[in-house]
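Protein chains in written order, with this note's numbering: chain A, 231 to 407; chain B, 254 to 688.
Here is the structure:
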């Protein structure tokens with residue numbers, strides 16, 4: 231009678247069931263939370279007040295009067311003409327208020343795979359950063375981060391939403407800070 | 254934490270008297286290479302026991318076999334013979350008359366030390382012979398696992414292929430609205446039972462993948478707003494960052510020997526493929542393009558790597574040697590191809606295809622020939638192979654307000670089934686099957 235021990239497999243199950251393991255995992259996760267701020271939403275997602283009310287130089291001023299985001303065509307990382315105007319205004323504003331460090335967040339719409347869209351969002355953020363640098367914003371003030379397709383702002387199943395989600399958002403003191 | 258109780262699952266071939274008659278070649282068999290297989294009628298009787306465990310184990314076995322699409326368990330109300338001694342030959346006539354080509358009998362008893370003893374026998378009713386008989390010892394809380402192991406033994410005996418029921422799946426459990434989605438890593442049995450969360454934080458976590466030993470998971474987390482690849486030890490809950498790269502690392506997978514993690518590193522607008530040796534911590538760059546190279550997946554022999562690149566414009570599948578040489582495009586169909594995953598058998602690469610506004614799951618040979626689409630719709634993504642290379646799991650997002658859910662489908666394109674999870678789910682990764 232042959233006996234085959236397959237304890238390695240059952241060990242995994244044992245440990246994964248062990249409450250102490252779960253507790254430790256939880257503790258690590260909570261510690262991670264305590265050490266940092268939660269990711270702020272982009273200013274544009276926060277529901278802004280009247281445009282005229284923004285204090286010059288405030289983040290509200292930047293979002294409302296300058297425009298904190300640009301949009302991209304499907305699968306494209308080219309800075310469109312309308313986006314160039316927005317970025318030109320951003321560059322001017324950022325040079326007038328040099329104390330802000332910024333993070334450029336790159337995003338993709340949901341019509342792509344997860345991994346590719348992470349890279350695509352990074353490419354959009356990099357293109358945006360590069361454009362701002364070419365307009366005089368020092369590169370060392372800028373960080374980039376990609377959220378791929380994981381942070382849509384518009385939720386529906388057609389182009390009207392996807393075109394809003396293909397974006398790069400310039401966040402003052404933002405996510406990567 | 255240091256002390257851990259061992260649960261031993263001891264497999265013993267129950268040879269003994271009944272085996273004398275067992276033929277070398279069983280008559281009951283299924284050729285699973287054929288397309289739409291007619292499922293084999295099988296009677297899975299309630300295992301004898303002095304509690305509900307016997308019938309419960311039989312139910313799990315029958316459900317596994319049924320979901321494979323290769324077996325059609327017969328309704329118990331049709332059974333004529335009531336099995337009272339699983340060690341005696343059944344009345345084959347009683348089973349033939351209800352067209353049960355195979356019959357499963359068994360018994361669950363409690364050992365003196367508290368362990369369960371699970372015995373089963375698989376009978377070929379038309380040949381009037383036992384095909385196999387085995388027994389297992391385990392702790393009572395492992396009863397579902399014993400049922401899966403028995404289902405694997407039945408599957409293997411009748412199909413000649415390894416089963417995949419005693420396996421697990423890691424995935425991303427998703428909850429909340431689309432624009433404020435929460436994500437956690439979770440693990441479950443392949444049939445959707447025993448779901449447990451592995452992480453509990455607001456950070457985005459993506460693309461978990463098993464190590465070959467099933468003891469570790471590599472995944473991507475946005476912890477600290479630094480999107481990077483991590484390693485999670487299932488045994489201890491210990492986590493660590495994989496490597497110290499100057500940019501976002503993502504899309505990780507283990508090498509077949511478990512010694513390396515292969516992943517993408519993003520720097521500025523480009524993403525290239527790197528490996529990190531987990532022992533020496535040496536990193537090696539494998540691709541070097543002004544493009545997006547991602548989703549690397551090793552062939553089971555470790556000699557080659559499939560990956561996705563948009564160096565030619567749209568994302569396509571490429572194959573290279575494990576040292577990065579010989580990078581060759583293999584996908585040439587309409588549309589774009591992503592997330593290549595090499596079959597554990599080595600014979601096929603599964604992928605996500607985007608074409609004509611639809612997202613499909615398909616397979617092709619490693620040279621790109623023989624493409625077959627298995628399922629197509631609004632959004633299907635991210636295939637993962639069952640360890641026997643016969644079934645794929647993936648996630649599907651339907652148009653509308655809901656979230657992604659997991660599905661499985663046979664390599665033949667038949668037998669598509671939802672794998673139910675407590676909340677939305679994506680990025681499934683199937684565990685290996687330990688021999």
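Cβ atoms here follow ideal geometry from the backbone N, Cα and C, with glycine treated the same way. No experiment lies behind these values; they were computed from the predicted model shown.
query: As assigned by DSSP and simplified to three states, the class of residue 472 of chain B; result: strand
query: First through last residue of the alpha helix (DSSP H) which encompasses residue 403 of chain B; result: 396-412
query: 6 Å CB neighbourhood of residue 397 of chain A in its chain, flanking five on each side removed; result: 299, 301, 337
query: For residue 427 of chain B, the three-state DSSP class (helix, strand or coil); result: strand
query: Cβ neighbour criterion (16 or more within 10 Å) applied to residue 310 of chain A; result: exposed
query: Residues within the stretch 641-656 of chain B neighbouring chain A, beta-carbon criterion of under 7 Å; result: 652, 653
query: Distance CB(residue 198 of chain B)-CB(residue 654 of chain B) smaller than 8 Å; result: Any property of residue 198 of chain B remains undetermined from this structure, which presents chain B solely from 254 to 688.
query: Test: residue 678 of chain B CB closer than 8 Å to a CB of chain A; result: no
query: Length of the line joining the Cα atoms of residue 628 of chain B and residue 606 of chain B; result: 10 Å
query: Minimum Cβ-Cβ distance from residue 376 of chain A to chain B less than 8 Å; result: yes
query: Which listed residue (B/551, B/661, B/675, B/641) has its alpha carbon closest to that of residue 512 of chain B; result: B/551
query: Straight-line Cα distance separating residue 518 of chain B from residue 498 of chain B; result: 7 Å
query: Min CB distance residue 273 of chain B to chain A below 8 Å; result: Residue confidence is low: residue 273 of chain B scores 33 on pLDDT, short of 50, so the model does not pin down where it sits. Its coordinate-derived value is still stated next. Taking Cβ atoms only, chain A never reaches closer than 8 Å to residue 273 of chain B, which makes this a no.
query: CB contact flag (residue 324 of chain B, residue 293 of chain B, <8 Å); result: yes
query: Contacts of residue 457 of chain B in chain A (Cβ-Cβ under 7 Å); result: 380
query: Residues sharing a beta bridge with residue 550 of chain B, DSSP; result: B/559
query: From B/547, B/652, B/566, B/431, residue whose alpha carbon lies closest to that of residue 559 of chain B; result: B/547
query: Test: residue 665 of chain B CB closer than 8 Å to a CB of chain A; result: no
query: Contacts around residue 670 of chain B, its chain only, beta-carbon distance under 7 Å, and the 5 residues preceding and following it disregarded; result: 320, 660, 661
query: Opening and closing residue of the beta strand (DSSP E) in which residue 634 of chain B lies; result: 633-638
query: 8 Å Cβ cutoff met for residue 355 of chain B and residue 378 of chain B; result: yes
query: Residue 361 of chain A - DSSP class collapsed to helix/strand/coil; result: helix
query: Residues, ordered as in the chain, of the stretch 525-551 of chain B that lie near chain A by beta-carbon distance below 8 Å; result: 545, 547, 548
query: Any C-beta of chain B under 8 Å from that of residue 346 of chain A; result: yes
query: Residue 342 of chain B versus residue 634 of chain B: straight-line alpha-carbon distance, rounded; result: 48 Å
query: Top-ranked residue by Cα proximity to residue 173 of chain A, from A/369, A/392, A/384, A/394; result: With chain A covering 231 to 407 only, the question about residue 173 of chain A has no answer from this structure.
query: Exposure label - residue 592 of chain B; buried when at least 16 CB within 10 Å; result: buried
query: Start-to-end residues for the alpha helix (DSSP H) that takes in residue 518 of chain B; result: Element bounds for residue 518 of chain B: not the alpha helix (DSSP H) but the beta strand (DSSP E), 513-520.
query: Any C-beta of chain B under 8 Å from that of residue 415 of chain A; result: Here chain A has residues from 231 to 407 only, and residue 415 of chain A is not among them.
query: Distance, residue 501 of chain B Cα to residue 283 of chain A Cα; result: 38 Å
query: The alpha helix (DSSP H) enclosing residue 395 of chain A, as first and last residue numbers; result: 389-395
query: Nearest-angstrom Cβ-Cβ length linking residue 663 of chain B and residue 322 of chain B, presumed shorter than 8 Å; result: 6 Å
query: Own chain partners of residue 640 of chain B with C-beta closer than 8 Å, once the 5 adjacent residues on each side are dropped; result: 415, 417, 420, 597, 683, 684, 685, 686
query: Residues near residue 355 of chain A in its chain [Cβ-Cβ closer than 8 Å; skip 5 each side]; result: 334, 335, 336, 374, 375, 376, 398
query: Presumed contact (8 Å Cβ cut-off) between residue 317 of chain A and residue 358 of chain A, rounded CB distance; result: 7 Å
query: Beta-ladder partner(s) of residue 683 of chain B, from DSSP; result: B/422
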